[in-house]
Amino acid sequence: MAISSSSASPKGVVVTVPVLVLAASVAAVFLFFLLSSLSSCSCPGTGTGAGSGIGVGVPVSGGGVTVSTRKEDVDWVKEQIRANGLHMQENVLRKGINPRTRAQQLQDLSEFKGISHYEGPEANNHTALPCPGELLVEEHHSNYGEPWAGGRDVFEFLAESAHLMPDSRVLEIGCGTLRVGLHFIRYLNPEHYNCLERDELSLMAAFRYELPSQGLLYKRPMIVRGENMDFTKFGPGIVYDLIYASAVFLHMPDKLVWTGLERLASKLKRYDGRIFVSHNIKFCSRLGGEECTKRLTSLGLEYVAKHTHDSLLFNHYEIWFEFRRLKA
């Protein structure tokens with residue numbers, strides 16, 4: 001039996017039933033393999049949750065990731081600036097819909113609570129995380145003496161130097177308002193960033209503004225208020241890939257710094273783990289080189305190197321001192 005084509009066809013093409021069955025079978029097999037390959041695709045996720053892979057660096061050869069800004073990235077953005085005819089200008093207050101300095105914004109928030117806001121009994125029923133006006137205008141971004149953007153420079157240097165991966169564990173001593181910590185929290189897996197900070201206002205800025213505004217609450221960083229280098233609240237079993245202190249040891253007595261290093265040595269991963277201290281190591285240099293080496297050796301630590309790291313955005317560099325753990 002045969003099925004003839006429509007009479008509108010210029011030629012009398014005849015298609016047999018077995019041919020149709022064979023064609024349908026081939027199409028079904030092809031569709032099955034296509035759907036199977038799509039379902040097993042190892043493509044990066046497109047969500048924004050913990051497992052989506054968003055913001056975890058650029059893959060490089062060898063299976064690792066790079067978190068630093070690459071030359072091609074800089075070349076690309078410079079070309080965009082050139083193509084758009086953009087030039088460095090003097091800092092002036094720009095015309096906008098409602099231009100305000102930080103001081104003016106704070107005054108507006110204090111007097112008027114913003115443009116539209118709930119009053120009376122309704123005032124406390126709608127805002128999940130009410131934030132002080134000083135944080136909303138980001139005054140805490142100026143609390144530490146350098147541009148807020150410098151946090152990215154520190155993160156890039158430390159993450160690359162310590163060869164961090166998203167499943168690495170990081171401890172920051174004195175994270176302040178998370179100028180650096182935000183980048184680590186975003187990069188690392190949930191609960192893999194810890195910080196010890198003594199200043200209440202800085203912690204308020206971290207919890208009430210930075211983490212919610214950056215969408216990082218799901219990362220569950222463990223940030224603890226404490227001083228005197230007391231790390232007991234982080235638990236006894238954690239071993240860190242990176243421990244760092246940015247300009248923190250400057251403000252501590254030498255005895256407390258050595259106490260902290262003694263407590264931290266056992267929490268650093270052997271050989272591959274790193275401790276980085278910025279600006280200077282006065283606590284060590286005041287002892288003298290030989291005596292410092294003996295003290296470090298007694299803690300199972302070894303001085304590795306001194307590093308100078310340039311900023312990407314402003315004419316500035318930071319000096320970092322690197323240590324590692326050699327024995328249990």
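Numbering-wise (UniProt numbering), the sequence shown opens with residue 1 and increments by one. From the three backbone atoms N, C-alpha and C, an ideal C-beta is built for every residue, glycine too.
Beta-bridge partners of residue i, as assigned by DSSP
i      : result
Ala245 : Val277
Lys306 : Phe321
Asn194 : Leu171 and Met222
Leu268 : Tyr240
Buried/exposed call for residue i, threshold 16 Cβ in 10 Å
i      : result
His141 : buried
Arg169 : buried
Arg286 : exposed
Phe283 : buried
Arg324 : buried
Asn315 : exposed
Thr48  : For Thr48, the predicted model reports a pLDDT of 36, less than 50, meaning its position is unreliable; a value from the coordinates is still stated below. Counting Cβ neighbours within 10 Å, Thr48 comes out exposed, since fewer than 16 surround it.
Arg100 : exposed
Val257 : buried
Glu210 : buried
Pro221 : buried
His163 : exposed
Met252 : buried
His91  : Looking at the sequence provided, one finds Asn at residue 91 rather than His. Burial call: exposed.
His192 : buried
Collapsed DSSP secondary structure at residue i in the structure displayed
i      : result
Leu261 : helix
Leu301 : strand
Met165 : coil
Val137 : coil
Gly45  : Bear in mind that the predicted position of Gly45 carries a pLDDT of just 36, short of 50, making it unreliable; the figure below should be weighed with that in mind. Gly45: coil per DSSP, three-state reduction.
Ser311 : coil
Asn124 : helix
Ala205 : helix
Cys292 : helix
Gly235 : coil
Gln89  : coil
Cys284 : helix
His117 : coil
Ala149 : coil
Phe251 : Reading off the sequence, residue 251 comes out as His, not Phe. Correct three-state label for His251: helix.
Val215 : The sequence as given places Gly at residue 215; Val does not occur at that position. Note: Gly215 maps to coil in three-state DSSP.
Leu326 : coil
Lys71  : helix
Val180 : coil
Tyr144 : coil
Arg186 : helix
For residue j and residue i, believed in contact at Cβ under 8 Å, the rounded distance
i           : j      : result
Leu196      : Val224 : 6 Å
Glu160      : Ser68  : 5 Å
Leu326      : Gly300 : 6 Å
Phe231      : Lys267 : 7 Å
residue 329 : Glu139 : Nothing can be reported for residue 329: it is not among the residues displayed for the chain, which extend from 1 to 328.
Asn194      : Phe234 : 5 Å
Gln144      : Gly176 : Checking the sequence shown, residue 144 turns out to be Tyr, not Gln. That pair is a contact at about 6 Å.
Whether residue i touches residue j by CB criterion (8 Å)
i      : j      : result
Asp73  : His309 : no
Leu178 : Ala206 : yes
Phe276 : Glu318 : no
Pro190 : Leu129 : no
Leu158 : Arg186 : no
Gly174 : Val248 : yes
Leu264 : Ile243 : yes
Gly226 : Arg198 : yes
Leu109 : Leu136 : yes
Tyr240 : Gly289 : no
Ser278 : Ala245 : yes
His183 : Gly133 : no
Any non-hydrogen atom of the ligand SAH closer than 7 Å to residue i Cβ
i      : result
Leu217 : In the structure on display, the ligand SAH does not appear, and there are no ligands present to speak of.
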